[in-house]
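Enquirer: In the numbering used here, the protein residues as written are 18 to 392. Each residue gets a CB set at the ideal place from its N, CA and C atoms; glycine is no exception. A quick note: this is a predicted structure, and the numbers were derived from the prediction, not measured.
1) For residue 313, which of helix, strand or coil comes out of DSSP?
2) Can you name the residues that DSSP bridges to residue 177?
3) Based on the DSSP output, what are the partners of residue 182 in its beta bridges?
4) Helix, strand or coil for residue 252, going by three-state DSSP, please let me know.
5) For residue 82, which three-state DSSP category applies?
6) Near residue 163, which residues of its chain fall below 6 Å by C-beta distance, leaving aside the five closest residues on each side in sequence?
7) Helix or strand or just coil, what does DSSP make of residue 125?
8) Consult DSSP for residue 300 and reduce its assignment to one of helix, strand or coil.
9) Under a three-way DSSP split, which group does residue 144 fall into?
10) Between 168, 160, 169 and 203, which lies nearest to residue 183 when the distance is taken from Cα to Cα?
11) Within this structure, are the beta carbons of residue 100 and residue 121 separated by less than 9 Å?
12) Between residue 94 and the rest of its own chain, which residues show a CB-CB distance below 8 Å, the 5 nearest in sequence each way excluded?
13) Out of 235, 77 and 177, which has the shortest C-alpha to C-alpha gap to residue 226?
14) Whose C-beta lies closer than 6 Å to the C-beta of residue 242 among residues of the same chain, with five residues either side of it excluded?
15) Give the straight-line distance between the Cα atoms of residue 129 and residue 170, rounded to the nearest whole angstrom.
16) I'd like the span of the alpha helix (DSSP H) that includes residue 232, first residue to last.
17) How many Å lie between residue 147 and residue 92 at the Cα?
18) Where does the unbroken beta strand (DSSP E) through residue 94 begin, and where does it stop?
19) With a Cβ-Cβ cutoff of 9 Å, do residue 300 and residue 252 count as a contact?
20) In angstroms, rounded to a whole number, what distance separates the CA positions of residue 40 and residue 85?
21) Decide yes or no for the touch test of the stretch 267–285 against the stretch 308–326: beta carbon pairs closer than 8 Å, at least 3 of them.
22) So, at 7 Å on beta carbons, what are the nonlocal neighbours of residue 277 in its own chain, with the 5 sequence-adjacent residues on each side left out?
23) State the Cα-Cα distance for the pair residue 257 and residue 289, rounded to the nearest angstrom.
24) Under 9 Å between C-beta atoms, does residue 249 make it to chain D?
25) Distance check for residue 210 and residue 126, CA to CA, integer angstroms please.
26) Residue 76: buried (16+ other C-beta within 10 angstroms of its C-beta) or exposed?
27) Can you tell me which of the three DSSP states residue 132 falls into?
28) Measuring alpha carbon to alpha carbon, tell me which of 60, 292 and 132 ends up nearest residue 248.
29) Are residue 74 and residue 117 touching if we call contact CB-CB under 9 Å?
30) So for residue 274, helix, strand or coil by DSSP?
31) Alpha carbon to alpha carbon, what distance is there between residue 272 and residue 362?
32) Please check the pair residue 328 and residue 281, which I expect to be a contact at CB under 8 Å, by giving their CB distance rounded to whole angstroms.
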């Protein structure tokens, strides 16, 4: 009897412990709630005019008597407000398995623009669905059709309602190594038409460059460079920049400036990089002056290239060890007075007129040719 009593006592104790732990168990598993059925109608962004009527219906699985449905607008709980034309109907339970609650916007005004949310809550957690509403004035303006040609391609933007963000798929190029359809969502550019009917914010960053040169230089800029691979990397880049007369995008020069800064960071470890850096800087003079000017105006790219060359000049003239070829040493010695009106003070380069940069590299290029003839 004692054993039976102990078993019964243990069972009661176990039951009591289970009852005590149950709320804790529910609390730990609360969060995003997975429901067999949860739908919001309509579920897509709604573009409506001032004064329109717009009903919503939210339906979900009825789990137990703790199940509730609430409506929110931009994070604020919404209840019936007859003066504003907002009606939140009572929840309706269907056959003890579904619960529905309607929201009716009987006369929409501009204040209804934003994010509307249906939230389902019960003892096991919460789940939400969202829909965006964009409210336009009755005589809403439009952004006009527009063709934009930039370094990402040729984009034809359609006539678009004010307040709407338009999307355009990125263009495909035969030489692009980027695949946009290997299971991932297609990349797109976007432009926002503001409420006054003018094109405003835009973003093309997800799209590849339209020119192969820019794609290649961008790829160079993304490569990791260290003392082990720097020489081979610099040889490939030097060879590629020999056709710099074909560089027509300011981003080409901006990427080159960034790459040269990466090479300069390890030039003390790899002395043979000096010749490559000087030759790359010389090759840049093949680029059209206007492209160089745009790169300077956008990102101080030319100033940064000057600083890289000046770093080598300082290193060469302050060291007793020759780390640069005889030919390029002549180039640097001739270019120093133009690069550095105040010798070797890098900070002064920020004040150099852009034309001095052009003159310096042109002088370097011509001096190099002259040195080649003499040798």
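Expert: Let me lay it out:
1) helix
2) 160
3) 209
4) helix
5) coil
6) 174
7) coil
8) helix
9) strand
10) 160
11) no
12) 87 and 88
13) 235
14) 250 and 279
15) 37 Å
16) 229–239
17) 11 Å
18) 93–95
19) no
20) Here the model assigns residue 40 a pLDDT of 39, short of 50, so the residue's position is not dependable and the matter cannot be decided.
21) yes
22) 294, 297, 322 and 325
23) 18 Å
24) Of the chains in the structure shown, none is chain D; there is only one protein chain.
25) 20 Å
26) buried
27) strand
28) 292
29) yes
30) helix
31) For residue 362, the predicted structure reports a pLDDT of 35, less than 50, and the residue's modelled location is therefore unreliable. A value from the coordinates is still provided. Whole-angstrom Cα-Cα distance: 25 Å.
32) 5 Å
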